[in-house]
Structure formats: C-alpha cells, structure tokens
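Following: one structure in structure tokens, then a few remarks.
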Amino acid sequence: MASAGHRRHFADPHVLLKTQYNSSSRHVCDICRSKLAGLTGYRCSACDFDIHEACANYFKETISFFAHPWHTLTLSRMPSSCDGWSCDLCWEGCPPGDLVYRCTDCLFDVHPLCTMLPQTIRSPLHPRHDLRLVPSIGTCMCGCEELSVWNYVCSCPLKVNIACVSGAPSSGRQSTDYCGRSNTGSAHHASAATAQVSSASACESSSSGQSLPVRRSRRSSVAKFLLKTSFNVAVNAATGGLASPVLDVLSAAFS
C-alpha cells in the first residue's frame, strides 16, 4: 500500500498516513465498517486504525441528531463494559472498541452510518405516503417480525423496519400496504395494527442501557439502503450534498 501525505484525526492519537489501499486489501474503515480495497484512506499502523478519506472528512467528532435531540452525540469507542449493547436505531450490536456516536448521559448509541438515515422517506413498499423514522413497537408490514427499536412509520398506520424499507422484505414474504393492494398488484383487505409510537425521551427509555439480543445483521442493509437512488437523493438533500463522497465509497465497497 503506497502512502503519501498525512493528517490528524480526533479518533486516533497519532498522525495518519494517506494510503492507497490495493484491490486485495482486507482492511475496513473504522468508522463506516466498509471495505477500503482499491480506495484512498488514512492509516495508523501503530493502532491498526484505518479510515476512508471521505469518512474522515464527513463524520464529525460531535453531532446533533434528530433521534436524540436532547444532547449532542460524540464519536467515541464503545467501552469494554458495554459488551452486548446495540445500536438504538438498527438494533445491531455495537461491540466494545467500535466507533459509535454516543450520549453517555442517556446511554444512547448509534452507528455512524445510521446517523445518515433520512428522517422522512418515501418507500416502494408504501409509496402513497411518507414514512417517518420514529421509535415504535409492533410488527413490520413485511411480516418479517424483526422490528428494531426505531422504524419507519406511516400514519395509516404501518411500520417498516430499516432492513426492509428499501423495498426488499427481509423475510422474503409478500408485503401488503395499508391501502389494500399488495406489492404484486393483487387486491385484498389489509389488516392494520394500531401504531404505538413512543415519544418519550431516550433519557427515560433508551434501549442501549440493556443487553439486547442481537438480531440479523443490518449494517450492510443500512449501507445498501443509503445507496438506493431515491434514498441517496434524500440523504444528499438532508446534508446539503456533504454526504456524497461517503455514498461514493459505499458504492465502491458494495460493487
């Protein structure tokens, strides 16, 4: 791996060397957890720390985030005492040592990529109305029964988990929207459960303070979701185009 240039980054105490990773590299970015093969990044060999150049520029040390508006979140490593904890949005595990955005006061943790999820989207699973990312309980409209803590919800009411919202139900089952027409076009009556959206502060009900069962891996689903054309537009609109380089490296990593 040839190197040229250097920089500092708040996530590592040493000077990082700019690195062109070869196409067979097995290194992954410490922030987005996606491959670095064939891409440009920065490396600290002493700490075995690697990061995409785009991620180094985009992800800030502290952020404000709609899912936890009460406090700022700080990008920091999960402590060893937090073994078994999960991301409050996608419910995938946050192993000790991984970089996550944290509110230590409220025990709120979220993967960096999950902070890029749009607050409001239009999904092919339910194209008639906008879906809003909120804390909720119930069953995913796809029948996958894998609702995480936060899900995309319609006032119909319908709920879709983050892994399914791009249009491919994680269970492989046919889904039916609330308006009475299945995604294959055959009409039938849909039975919609009553939405129960929690508006309580995460300071009082955050799930990260518990050891949660880690469900099917969703981090790659989140990355692929962000790359869908319609959601890509929503992400860029929400970030003023600043997320575009990160989306480019995700596209390369999953190509």
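With full-length UniProt numbering, letter number 138 in the sequence shown gets 138, and the count goes up by one each step, no holes. The beta-carbon is built from N, C-alpha and C at its ideal position, and this holds for glycine as well. Since the structure is predicted, the reported quantities are computational estimates derived from the model, not experimental observations.
Keeping to the same chain, check which residues put their C-beta closer than 7 Å to that of residue i; ignore five residues upstream and five downstream.
i: residue 12; result: 44, 47, 49
i: residue 64; result: 72
i: residue 232; result: 226, 247
i: residue 21; result: 1, 27, 36, 37, 38, 39, 41
i: residue 236; result: 243, 244
i: residue 52; result: 29, 32, 36, 39, 41, 249
i: residue 238; result: 118
Give me the Cα-Cα distance between residue i and residue j, rounded to the nearest whole angstrom.
i: residue 137; j: residue 5; result: 49 Å
i: residue 54; j: residue 249; result: 7 Å
i: residue 161; j: residue 234; result: 18 Å
i: residue 151; j: residue 225; result: 14 Å
i: residue 240; j: residue 85; result: 32 Å
i: residue 59; j: residue 15; result: 18 Å
i: residue 112; j: residue 74; result: 10 Å
i: residue 104; j: residue 158; result: 32 Å
i: residue 243; j: residue 70; result: 24 Å
i: residue 123; j: residue 9; result: 36 Å
i: residue 245; j: residue 23; result: 19 Å
i: residue 253; j: residue 117; result: 18 Å
i: residue 25; j: residue 99; result: 21 Å
i: residue 223; j: residue 67; result: 18 Å
i: residue 101; j: residue 127; result: 31 Å
i: residue 61; j: residue 139; result: 35 Å
Give me the DSSP bridge partner(s) of residue i.
i: residue 274; result: In the structure as shown, the chain begins at 1 and stops at 255. Residue 274 is therefore absent and cannot be evaluated.
i: residue 154; result: 158
i: residue 103; result: 108
i: residue 93; result: 86
i: residue 134; result: 151
i: residue 120; result: 132
Could you name the residues of the same chain whose beta carbon sits closer than 6 Å to that of residue i, not counting the 5 residues immediately before and after it, in chain order?
i: residue 120; result: 130, 132
i: residue 57; result: none
i: residue 89; result: 110, 114, 150
i: residue 83; result: 96
i: residue 212; result: Since pLDDT at residue 212 reaches only 38, below the 50 mark, its modelled position is unreliable, and no value is offered.
May I ask whether a heavy atom of the ligand GTP can be found less than 8 Å away from the beta carbon of residue i?
i: residue 149; result: Absence of the ligand GTP from the depicted structure is noted, as is the absence of any ligand whatsoever, leaving it without description.
Taking contact to mean at least 3 C-beta pairs separated by less than 8 Å, is the region 93-113 in contact with the region 75-85? Taking a contact to require three or more Cβ pairs closer than 8 Å, the region 93-113 and the region 75-85 qualify as touching.
Residue ranges of each beta strand (DSSP E) within the region 5-86, 3 or longer: Runs found: 12-20, 40-44, 49-52, 73-77.
Is it true that the region 236-251 meets the region 26-44, where meeting means three or more beta-carbon pairs spaced less than 8 Å apart? At 8 Å Cβ cutoff, the stretches touch.
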